[in-house]
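Quick note: the sequence shown uses the working numbering, first residue 50, plus one each step. Even glycine gets a Cβ: it sits at the ideal position worked out from N, Cα and C. Report on the structure given below.
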Amino acid sequence: MSGVNSLRCPNCSSPVFLETLDCPTCSAPIGFHAPTRGFFLVGAENREIDIDGSVWVACSNRFWQCNWLADTSQPSGECRACRLTRRQPSNDDTLALERLADAAVDKRRLLVQLNDLGLPIVPFYEREGGLAFDLVSSRSGEPVTIGHANGVITIDLAESLDDYRETLRVKLGEVYRTVLGHFRHEVGHYYQNILVDTEERWAECRRLFGDERTSYSDAIARHYRYGAPPTWRESFISDYATMHPWEDFAETFAHYLHITGTVATAAGSGLILHADRVGFTGVGDIVARFSYADRTIEELLADWHWLSLMFNRVNRSMGLGDFYPFDLTEPVIEKLSFVHTLVTDARG
């Protein structure tokens with residue numbers, strides 16, 4: 050798995066971020082080539098770039114902050130990430146389009162991680178039920194419900210507004226709410242239908258998460274009337290996960306992406322926790338890995354335990370809340386192990 054913080058400018062070799070459009074050191078305009086996980090110079094005139102025999106140019110949505118390269122064989126001029134967007138605000142709704150540009154950064158980060166994990170991404174325009182994104186705003190006059198249905202992930206662009214999202218977070222009593230978190234949760238619904246592909250896997254899924262065939266509408270009504278059981282922390286990763294087996298799986302999948310994404314970034318940054326400096330007892334140095342595909346969930350979570358504690362301390366040193374304020378109990382770890390097996394098996 051590529052560590053997103055190991056990316057470098059092709060002109061001056063300075064570190065750049067996954068969403069960088071112009072190198073902050075040398076100002077060179079650069080574009081991200083998803084197949085190779087690398088950056089290339091795009092030039093002021095959007096020159097054509099030959100990469101392994103294919104011709105690429107900057108995505109036609111670069112004005113809206115998309116920094117991916119597009120294959121010139123696609124007549125739309127859009128990159129693969131942008132082509133996965135099925136619905137978006139109208140061209141005259143500039144405020145909503147600005148929110149779209151913000152949300153699309155998180156969508157591209159999600160897609161990079163899914164590629165890194167080796168998960169299949171089949172677009173909606175290639176197959177019924179394929180992956181699609183409806184990125185629309187409730188501020189544009191239509192009701193928007195964040196969710197997933199038959200491969201289509203709907204995100205309310207109003208969630209990219211800090212005050213709106215934070216108000217909802219406090220109202221719902223959540224400790225974590227981000228646009229990237231929404232993407233990771235909803236894509237969990239998408240992959241449950243794809244990766245749980247045998248009767249044996251469905252049986253194990255139901256043993257861990259419950260029977261997804263129970264009434265979803267009844268579960269919603271019950272959850273919002275009575276809330277989560279008082280002992281929910283013993284078996285669930287979040288309050289919302291208690292609502293229905295579908296949501297428990299999606300929440301668990303999202304946390305698997307939170308954990309693996311953060312550890313991969315730590316690996317790309319060269320982060321090592323030295324036991325003699327941190328004061329570990331009974332463990333050696335913690336060396337973050339790009340991929341845990343050939344490791345057990347126990348090995349991943351052992352590293353994550355110490356890394357998350359370190360990140361929590363960093364946040365507290367800035368007067369912020371904990372970076373990862375969640376408890377991984379044994380039932381939750383067993384659920385994460387199931388997701389880990391699904392993901393690593395899909396990699397082949």
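- For Val154, the enclosing alpha helix (DSSP H) has its first and last residue at 143-166.
- For Val236, the enclosing alpha helix (DSSP H) covers residues 228-244.
- For Ile382, the secondary structure class from DSSP, reduced to helix, strand or coil, is helix.
- Annotation for Thr247: no beta strand (DSSP E) segment contains it, and DSSP assigns it neither H nor E.
- Per the C-alpha coordinates, the member of Pro59, Arg362, Arg86, Pro84 positioned closest to Thr74 is Pro59.
- Between the stretch 66-81 and the stretch 109-124 there are three or more C-beta pairs closer than 8 angstroms, enough to call the two in contact.
- In the structure shown, the three-state DSSP call for Pro138 is coil.
- Contact annotation: Arg214 and Ser186 have beta-carbon atoms that are not nearer than 8 angstroms.
- Contact between Thr291 and Ala277 is confirmed by a C-beta separation of about 4 angstroms, below the 8 angstroms threshold.
- DSSP places Leu369 outside both helix and strand once states are collapsed to three, so it counts as coil.
- Spatial neighbours of Gly230 in its own chain (CB-CB distance under 8 angstroms, excluding positions within 5 residues in sequence) are listed in chain order as Ala303, His307.
- Burial state of Arg262 is exposed, judged by a 10 Å Cβ sphere holding fewer than 16 other Cβ atoms.
- The shortest CA-to-CA distance from Gly126 to any of Ala107, Arg136, Val91 is the one to Ala107.
- If you ignore the 5 residues before and after Asn361, its C-beta comes within less than 7 angstroms of the C-beta of Asp371, Phe372, Tyr373, all in its own chain and listed in chain order.
- Note on geometry: alpha-carbon atoms of Thr393 and Glu223 lie some 30 angstroms from one another.
- In the three-state DSSP reduction, Leu322 falls in the strand class (E or B).
- Taking a contact as a CB-CB distance under 8 angstroms, the pair Ala252 and Asn164 does not count as one, their CB atoms being some 30 angstroms apart.
- Within the stretch 52-94, no run of alpha helix (DSSP H) at least 4 residues long lies entirely inside it.
- In this structure, DSSP gives Val363 a helical state, which the three-state scheme calls helix.
- In terms of CA proximity to Glu175, Arg129 leads the group Val161, Arg157, Arg129, Asp212.
- Distance from the Cα of Arg344 is smallest, within the candidate group Arg365, Gln137, Thr280, His389, for His389.
- Per DSSP, His197 is one residue of the beta strand (DSSP E) stretching across 196-198.
- For the pair Leu159 and Gly178, the Cα-to-Cα distance works out to about 19 angstroms.
- Classified as exposed, Ser62 has fewer than 16 neighbouring CB atoms from the shown chains inside 10 Å of its CB.
- Judged by DSSP secondary structure, Leu217 falls within the alpha helix (DSSP H) whose first and last residues are 211-220.
- Note: Pro172 is bridge-paired with Leu180 in the DSSP secondary-structure output.
- A residue is called buried once 16 or more other Cβ atoms fall within 10 Å of its Cβ, and Phe66, having fewer, is exposed.
- When DSSP reads this structure, Trp353 sits in no beta bridge, so it has no partner.
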